[in-house]
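Inspection log for the structure reproduced underneath, given as structure tokens.
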Amino acid sequence: MDDFTEIGRKQWSSLSNGNEYISANELTDLAALGDVIDMNDVNEIYIPLVKFLHLFAQHKKMLSQLQSHFIGVDEINHPFIIGISGSVAVGKSTTARLLQILLKRCYSNLHVQLMTTDGFLYPNSELEKRRLMSRKGFPESYNMKLLCDFLSDVTSGKENVYYSLYSQELSDIVPGKYGVISQPDVLIIEGINTLQLPPNGVVVTSDFFDCSIYIDANEEVIENWFMDRFKHLLKINKNNPENFYYNWADEPLNVAIDRAEKIWQTVDLVNLREYIAPTKSRANVILHKSYGHRIDRIYVRHY
Numbered sequence: 002m003d004d005f006t007e008i009g010r011k012q013w014s015s016l017s018n019g020n021e022y023i024s025a026n027e028l029t030d031l032a033a034l035g036d037v038i039d040m041n042d043v044n045e046i047y048i049p050l051v052k053f054l055h056l057f058a059q060h061k062k063m064l065s066q067l068q069s070h071f072i073g074v075d076e077i078n079h080p081f082i083i084g085i086s087g088s089v090a091v092g093k094s095t096t097a098r099l100l101q102i103l104l105k106r107c108y109s110n111l112h113v114q115l116m117t118t119d120g121f122l123y124p125n126s127e128l129e130k131r132r133l134m135s136r137k138g139f140p141e142s143y144n145m146k147l148l149c150d151f152l153s154d155v156t157s158g159k160e161n162v163y164y165s166l167y168s169q170e171l172s173d174i175v176p177g178k179y180g181v182i183s184q185p186d187v188l189i190i191e192g193i194n195t196l197q198l199p200p201n202g203v204v205v206t207s208d209f210f211d212c213s214i215y216i217d218a219n220e221e222v223i224e225n226w227f228m229d230r231f232k233h234l235l236k237i238n239k240n241n242p243e244n245f246y247y248n249w250a251d252e253p254l255n256v257a258i259d260r261a262e263k264i265w266q267t268v269d270l271v272n273l274r275e276y277i278a279p280t281k282s283r284a285n286v287i288l289h290k291s292y293g294h295r296i297d298r299i300y301v302r303h304y
């Protein structure tokens, strides 16, 4: 971690402005399943983080204006792109949704959009054809060229750029359903693969990012969150035949838990160790979590 400065929670929280931009009820509603976050986290961690991100965005905007003026062309609205990475079950989606709301409310002139890289997973039918279902979530299970083509269109200022939608309930791409990115000032992209380098070294998605955040935690802590979330998903979907977890919920609980633990050990933990955690050093900011999803340390890359 030689390239980073470690900042304790107390020191980081001193950068907050003390204003409240979100209510406790809203915060509860946006938290991902199994994630824990409270108003102290908002004020002490996320408000300073939003201010930090806005500094980056202002710098990019100013540089774009100066360059356009220097070469005598009209300025293109290139979005400021934030990448959020980390393991499964670590709280990426909560962080992404919270940052979107806070950026909008702290800086009301900004058009902020959010998406995940799940929409660039190959559909399950294609994964089965390629014999990659057991590798779902690994780099080869994503259509990385499609993702990079998408990012190229977004950064070029194209008016509407469409992408496939992924359903957590179905655990698959939804046929015929698309999201659209429409020239935002800020685009937040979250996913386990946002900072990964491709095997051939040709297409690098993180080259499109202006600032990246890695959410970190010890492996045993993440495993506990993964299993807690799994058990909760079984509980809430035992009467929902449309949900991916319905068939799991129909099994004896100990059998389902054993299967989930095997998946963690043979799939998610392997993916974390080999492909996700090694990208941590490529982030601009690392948020380290301890038990209870409490962020106890912040690391900021030297500039």
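Per the working numbering, the sequence shown starts with residue 2, numbered consecutively. Quick reminder that beta carbons are idealized off the backbone N, C-alpha and C, glycines included. Predicted model, so just to flag it, every value in this text is computed and none were measured.
Asked	Found
Using CA coordinates, which residue listed in 231, 175 and 138 is at the minimum distance from residue 260?	231
Could you say which of 162, 132 and 214 lies nearest to residue 301 if we only look at CA atoms?	214
Quick one: complete beta strand (DSSP E) runs, 3+ long, within the region 254-300?	286-290
Out of curiosity, what's the CA-to-CA distance linking residue 303 and residue 50?	16 Å
To the nearest whole angstrom, what separates the beta carbons of residue 148 and residue 220, a pair I think is in contact under 8 Å?	Wrong, their Cβ atoms sit about 27 Å apart, outside the cutoff.
Mind checking whether residue 92 and residue 216 have CB atoms under 8 Å apart?	yes
When you compare each of 245, 136, 65 and 101 to residue 157 by their alpha carbons, which one comes out closest?	65
What number of angstroms, rounded off, separates the C-alpha of residue 278 from the C-alpha of residue 72?	41 Å
Within the region 210-248, note down every full beta strand (DSSP E) run reaching 3 residues or more, in order along the chain.	212-217
Can you give the beta carbon distance from residue 143 to residue 111, rounded, assuming they're within the 8 Å contact cut?	Actually they do not touch by this definition, with Cβ atoms about 29 Å apart.
Identify the continuous alpha helix (DSSP H) that holds residue 127 and give its terminal residues.	125-130
With DSSP collapsed to three states, give me the class of residue 167.	strand
DSSP has residue 108 in a bridge; who is on the other side?	The partner list for residue 108 (beta bridge, DSSP) is empty, contrary to what the question assumes.
Of the residues 208, 132 and 78, which one's Cα is nearest the Cα of residue 184?	78
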